[in-house]
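Residue 15 in the numbering used here sits at position 15 of the sequence shown; the count goes up by one each step and never skips. Cβ coordinates follow ideal geometry from the N, Cα and C atoms, glycine included. Step one of this worksheet: look at the structure below.
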Amino acid sequence: SQVDALWTPTQKPPPLLELAEAEGLEPDYGCRLGSCGTCRTKITRGAVTYSDNRLCLKNDDIEDTCLLCQAFPKADVDVIDLDL
Numbered sequence: 001s002q003v004d005a006l007w008t009p010t011q012k013p014p015p016l017l018e019l020a021e022a023e024g025l026e027p028d029y030g031c032r033l034g035s036c037g038t039c040r041t042k043i044t045r046g047a048v049t050y051s052d053n054r055l056c057l058k059n060d061d062i063e064d065t066c067l068l069c070q071a072f073p074k075a076d077v078d079v080i081d082l083d084l
């Protein structure tokens with residue numbers, strides 16, 4: 001999609017899905033809870049984390065992807081490229 005967005009950590013940061021939507025992108029999603037998998041997106045560079053560790057375990061079986069509705073950039077990652 002070639003869209004760059006600055007993600008600024010706050011006390012309650014929005015997940016990557018909301019950041020993408022704020023930049024005018026329209027990624028697929030279904031539940032916004034991390035359970036349907038519709039927003040699963042390929043990570044081409046960088047790494048994410050989840051506020052709910054159960055989602056980390058659930059997502060580990062599909063390498064190099066994230067659930068946009070629940071994913072946040074990892075604290076030590078400067079850039080994340082997603083295949084949107």
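Quick check: what's the CA-CA separation for E26 versus D76? 27 Å
Taking only three categories from DSSP, how would you classify L33? coil
Under a Cβ-count criterion, where at least 16 other Cβ atoms within 10 Å of its own Cβ denotes burial, should L82 be classed as buried or exposed? buried
Simplified DSSP assignment, three categories, for L17: helix
Taking the beta strand (DSSP E) that P73 belongs to, which residues open and close that run? 71–73
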